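What follows is a set of notes on a single structure, which appears directly below.
2 protein chains.
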Amino acid sequence: MKIAVPREKEIGEMRVALVPDIVSRLTKKGFQVLVETGAGEAAHFHDQNYIDAGAEIITDTKQLWQEADILVKVAPPGEFDGEAEINSLRPGSILISFLDPLRNPENILKIAQRQITAFSMELIPRTSRAQSMDALSSQANIAGHKATLLAAAHLPRMFPMMTTAAGTIPPAKVLVLGAGVAGLQAIATARRLGAVVEAFDIRPTVKEEVQSVGAKFIDIPLQEETNAGGGYAKEVSNNTQEVIRQVLTEHIKKADVVITTAQVQGKKAPLLVTEDMIAQMKRGSVIVDLAAEQGGNCAHTEAGKDVQYHGVTIIGPVNLPASLPIDSSQMYSKNLQTLVQYLVKDGEIELNFDDDIIDSACVTHAGEIRNSRIKDLLPSQESSVISY
Amino acid sequence: MKIAVPREKEIGEMRVALVPDIVSRLTKKGFQVLVETGAGEAAHFHDQNYIDAGAEIITDTKQLWQEADILVKVAPPGEFDGEAEINSLRPGSILISFLDPLRNPENILKIAQRQITAFSMELIPRTSRAQSMDALSSQANIAGHKATLLAAAHLPRMFPMMTTAAGTIPPAKVLVLGAGVAGLQAIATARRLGAVVEAFDIRPTVKEEVQSVGAKFIDIPLQEETNAGGGYAKEVSNNTQEVIRQVLTEHIKKADVVITTAQVQGKKAPLLVTEDMIAQMKRGSVIVDLAAEQGGNCAHTEAGKDVQYHGVTIIGPVNLPASLPIDSSQMYSKNLQTLVQYLVKDGEIELNFDDDIIDSACVTHAGEIRNSRIKDLLPSQESSVISY
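If you're matching them up, the sequences are chains A and B in order. Per full-length UniProt numbering, numbering through the first sequence is continuous, rising by one, with the last residue being 388. Per full-length UniProt numbering, numbering through the second sequence is continuous, rising by one, with the last residue being 388.
Quick look at the structure:
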């Protein structure tokens, strides 16, 4: 069975789907691994490393896609030089990648129409059984860590308390909004660097996790259900959002750094930090908005830019995991390896749709979109027409 | 007695000589403090903060310099709009600043000719009595901390070990060359972030300090004296340098990050990492060369630039303390406050040249250059001519 690893062509995507170490494990299990020349370069893995791991280097992009039984990717397949990448993939083959299905349902439709069986890594369920395939979590870990490093690199003061002959420098105050995987890792890194950290999440259930990584949890009693399950928060009413903002304003005023990570799956990110709240912050403070690509948690956030407002720097990073491509590729590869070995039994692909992992992550099969939330986003006539 | 705080006009200098907190302490001691409008802006201290601390805001730059009994500065006085700043300073007044005297002896000559009593903060002796005035150390602390943050922000992998469902990411390997104040702080921050750290210094006496901040000391037996005293290393023979490079090559090969901090006072920095050694490093590795402004410890270092060579990023930062202006100004202010209060007894300036602190730091007085090392750098006829 042939697993193909293409070179990522998306601008700024430095990751590679499989690192040599994982290729080596897969070839030892009997898989044939094809790697497009230069696929690992941006992540500092070289063709020779892949050859040493037992892979075959393919220079012709189309050939690589055509030969794949399973094609593994990082970014959703796109169009380059006027040609859609998936048109080079054989009907009946398997595609495993981040597919951003809720924001890009048309792409999923095209994949279905091409008769490709596609797995969306975003839809791996957040269960303990699927933990080792959970790429959203593995990449969020990295994003959270880097968010704090970005804040530390931009803040005009240090994070740690320092007691020196020239007096004592107090520790920086960091506020993390949203305590999912990224938020918890942002807290952990800020604590490592010696900051005093507070955190808030609308799911009161995460209080203990927040405390266990060394932050103070901000308790705000709310009158509605806020947990959507699976590690996600529910969208809450405007009234509740207003209550939250009022309490947070007092904490934001005192913070040197605010890191926001609040996302509602498939929807625009909630606005947590308003223009008015930013204006009350200390000058020189830094906001890192990890929801920048989903519309942002802060007023004035611009994805891919550092914005100055009222003396506050608002950083809207894009694809942070790609900025640590060695580790993010390593972890993503491990997620893919586990999923591939889960799908393939004795050299044959087994698709048991009664299995919740497969049922949840497999978005297209046999010409159909399998996920009703994705279908609902498409005009009804389109999603039912299966052409090939 | 009037202490004047000018706005720093050097490009990239974000620090201010006195922060409002220290101004407040000085005004309470009976000093009159004059602050040039906007002097603290780049460090996020505002005119109103200075007014609240008891300072008077002066809008006319020349007036500020002329009124000063003691003028405190960060960067050496320079020439702006065709006029030398020191020409606005009254003969007989006191100037306290970094003066970079060994690299810029002509400037010291001009200050002497202007009959100004100048204290060079670089020349505060590194004794325990003078510790709280030691601005080189206070600023080196900050530079060392930031050097590690820069490395972490540029490295394509994380510093901490991470054990996750997607496998274990090993910690980054950091090598620090030169274990003075900056080097020790770079080690401490790298350890905080979870890296495995090794360090080397040609002064074997610092081994214990290196170990106490959590790094492994690389022992290289050397055949000559390497300690110049006062926290400085001596310049060593080419032969010894070659021995060191041979041992270090093996350690550099394995490192993800190399931070170099080796300086020899008043001389070009020693070359520790050659082109050949860089070429043997792992691709994606990062070097931060804190000696960039003194010519660099690495081949290919360029002050103020990030250079790519053989897949290695070589960062040559300039004036790192200025990138954390809140804390660096705070610590520098404290150093200045201590020195000012040391010089002024009952409202009068007392210059006791039998005191080693005053003797060492005071570079010009009564029209003369007091320091023989600075004098030796000037053509002999010039340094003896005192004109005013």
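Heads up, the beta-carbon is just placed ideally off N, CA and C, and yes, glycines get one too. From a predicted model like this one, the values you see are computed outputs, not experimental measurements.
Beta-carbon neighbours of residue i, restricted to chain A and to distances below 8 Å
i             : result
residue 150/B : 153
residue 142/B : 158
Contact list for residue i against chain A, beta-carbon separation under 7 Å
i             : result
residue 308/B : None at all; the shortest Cβ gap to chain A is about 12 Å.
Any C-beta of chain A under 8 Å from that of residue i
i             : result
residue 132/B : yes
residue 281/B : no
residue 13/B  : no
residue 334/B : yes
residue 43/B  : yes
residue 284/B : yes
residue 20/B  : no
For residue i, the three-state DSSP class (helix, strand or coil)
i             : result
residue 22/B  : helix
residue 316/A : coil
residue 383/A : Unreliable positioning characterises residue 383/A in this predicted model, as indicated by a pLDDT of 46, which lies under 50. A coordinate reading is not provided.
residue 41/B  : helix
residue 348/B : strand
residue 70/A  : strand
residue 16/A  : coil
Contacts of residue i in chain B (Cβ-Cβ under 9 Å)
i             : result
residue 239/A : Those do not exist, as residue 239/A stays about 36 Å from chain B at its closest Cβ, beyond 9 Å.
residue 327/A : 156, 157, 158, 162 and 169
residue 138/A : 164, 165, 166 and 167
residue 324/A : 155, 156, 157 and 158
residue 311/A : 44
Cβ of residue i within 8 Å of any chain B Cβ
i             : result
residue 386/A : Since pLDDT at residue 386/A reaches only 43, below the 50 mark, its modelled position is unreliable, and the value read off the structure follows with that caveat. Not an interface residue.
residue 49/A  : no
residue 52/A  : no
residue 383/A : Its pLDDT being 46, under 50, residue 383/A is placed unreliably in this model, and the coordinates cannot settle the point.
Amino acids of chain B, ordered along the chain, whose beta-carbon sits closer than 8 Å to that of residue i
i             : result
residue 192/A : 160, 192, 193 and 194
For residue i: DSSP bridge partner residues
i             : result
residue 196/A : 173/A
residue 32/A  : 2/A
residue 340/A : None; residue 340/A has no bridge partner.
residue 306/A : 315/A
residue 162/A : 169/A
residue 365/A : 368/A
residue 56/A  : 34/A
Any chain D beta carbon closer than 8 Å to residue i
i             : result
residue 121/A : The chain inventory of the structure shown lacks chain D, comprising the protein chains A and B.
Contact set between residue i and chain B, taken where Cβ atoms lie within less than 7 Å
i             : result
residue 175/A : Result: empty, since nearest Cβ-Cβ is about 18 Å, beyond 7 Å.
residue 4/A   : Those within 7 Å of residue 4/A in chain B number zero; the least Cβ separation is about 21 Å.
Cβ-heavy atom distance, residue i to the ligand FMN, below 7 Å
i             : result
residue 261/A : With respect to the ligand FMN, the structure shown offers nothing to examine, as it has no ligands at all.
Residue i: contacting residues in chain A (beta-carbon distance under 9 Å)
i             : result
residue 330/B : 157, 166, 167 and 169
residue 145/B : 158, 159, 160 and 162
Which full runs of the beta strand (DSSP E) of 3+ residues lie inside the stretch 72-152 of chain A, going along the chain?
-> Segments of the beta strand (DSSP E) lying fully in the stretch 72-152 of chain A: 94-97 and 117-120.
Any chance you could list the alpha helix (DSSP H) runs of at least 4 consecutive residues sitting entirely within the stretch 243-292 of chain B, in chain order?
-> Correct list: 275-279.
For the stretch 208-240 of chain A, which segments carrying the beta strand (DSSP E) assignment without a break, of at least 3 residues, lie completely within its bounds, in sequence order?
-> Complete beta strand (DSSP E) runs here, min 3: 227-229.
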